[in-house]
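One structure is given here, and the rest of the page talks about it.
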Amino acid sequence: MPPGNERITKSLRMLAVQRYATSAMKLVLDFLFSRPVILIAVISAFWHLSDRLSSIEGRLDVLVRHLEPLSMQVSKNTQLLSENTRLLSENTRLLVQINGRLDNLDQRVSGLERDVSEVKQRLGSLDVQVKAHTRLLDSLDKRTLQLNRELGDLRIRVSSLDTKSARLGEQVEAYGERLRRIERLLGEMKSLGKIASSD
Numbered sequence: 190m191p192p193g194n195e196r197i198t199k200s201l202r203m204l205a206v207q208r209y210a211t212s213a214m215k216l217v218l219d220f221l222f223s224r225p226v227i228l229i230a231v232i233s234a235f236w237h238l239s240d241r242l243s244s245i246e247g248r249l250d251v252l253v254r255h256l257e258p259l260s261m262q263v264s265k266n267t268q269l270l271s272e273n274t275r276l277l278s279e280n281t282r283l284l285v286q287i288n289g290r291l292d293n294l295d296q297r298v299s300g301l302e303r304d305v306s307e308v309k310q311r312l313g314s315l316d317v318q319v320k321a322h323t324r325l326l327d328s329l330d331k332r333t334l335q336l337n338r339e340l341g342d343l344r345i346r347v348s349s350l351d352t353k354s355a356r357l358g359e360q361v362e363a364y365g366e367r368l369r370r371i372e373r374l375l376g377e378m379k380s381l382g383k384i385a386s387s388d
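Start counting the sequence shown at 190; every next residue gets the next number (the numbering used here).
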């Protein structure tokens with residue numbers, strides 16, 4: 190029997206004994222100051238009380254037997270409560286750690302959000318620069334196309350000038366040949382003039 194049930198049983202028995210002892214002492218005192226007939230009543234009452242005490246003891250034993258599984262269940266429940274308390278303490282500690290990690294993650298997320306905002310601003314600035322460079326490239330492309338057209342025109346003009354230069358060269362060569370012929374003729378004429386003067 191568990192110690193708790195034994196203490197309960199002893200306390201109930203002592204209480205019952207004290208009550209019936211008090212009643213018995215009162216009857217004895219009445220007997221001392223009354224007639225002998227009372228003694229018979231006292232003895233009868235004593236036996237009646239003894240029977241009742243035995244009946245109560247039997248009931249107490251029955252109650253104790255019923256209390257034993259309850260006491261075991263209470264002990265189990267106490268153990269479960271202790272285990273649940275331990276688990277609650279551990280869960281509380283883990284919850285505190287998780288809250289701390291969540292706070293750290295929240296700070297990191299805030300930092301990342303600031304970084305993302307800065308990156309977006311830089312991307313916006315770069316986008317503006319890219320658009321400006323794109324416009325500049327478009328302008329350069331147009332200028333390049335214009336220069337290519339002008340270069341094509343210049344090549345055509347150079348080709349035409351080369352053709353003219355070749356023609357002029359041919360003409361110059363022809364004029365040179367004519368000048369050489371004229372010079373030979375002049376030379377011959379001078380020679381003839383000298384011969385005629387000597388005669």
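Where is the CB? At the ideal position from N, CA and C, for every residue including glycine. None of these values were measured; they are calculated from a predicted model.
Leaving out five residues before and five after residue i in sequence, what residues of the same chain have Cβ atoms less than 7 Å from its Cβ?
{"i": "L201", "result": "L249"}
In chain order, what residues of the same chain lie with their CB nearer than 6 Å to the CB of residue i, ignoring the 5 residues before and after it?
{"i": "R261", "result": "Just to set this straight, residue 261 is Met in the shown sequence, not Arg. Answer for M261: no residue qualifies."}
When the Cα atoms are used, what is the spatial distance from residue i to residue j?
{"i": "L259", "j": "Q207", "result": "28 Å"}
{"i": "L343", "j": "R303", "result": "58 Å"}
{"i": "Q310", "j": "N293", "result": "26 Å"}
{"i": "E347", "j": "L357", "result": "According to the sequence displayed, residue 347 carries Val and not Glu. Roughly 15 Å separates the two Cα atoms."}
{"i": "D330", "j": "S299", "result": "45 Å"}
{"i": "E339", "j": "K320", "result": "28 Å"}
{"i": "L301", "j": "L315", "result": "20 Å"}
{"i": "V253", "j": "L242", "result": "16 Å"}
{"i": "R290", "j": "N273", "result": "25 Å"}
{"i": "A363", "j": "N337", "result": "38 Å"}
{"i": "E377", "j": "S354", "result": "34 Å"}
{"i": "S281", "j": "S212", "result": "It is worth fixing the name first, because residue 281 is Thr in this sequence and not Ser. Spanning the two alpha carbons is a distance of roughly 58 Å."}
{"i": "G341", "j": "K379", "result": "55 Å"}
Apart from the five residues just before and just after residue i, which ones in its own chain have a Cβ nearer than 8 Å to its Cβ?
{"i": "L283", "result": "none"}
Every unbroken alpha helix (DSSP H) within the segment 268-337, with a cutoff of 4 residues, ordered by chain: none
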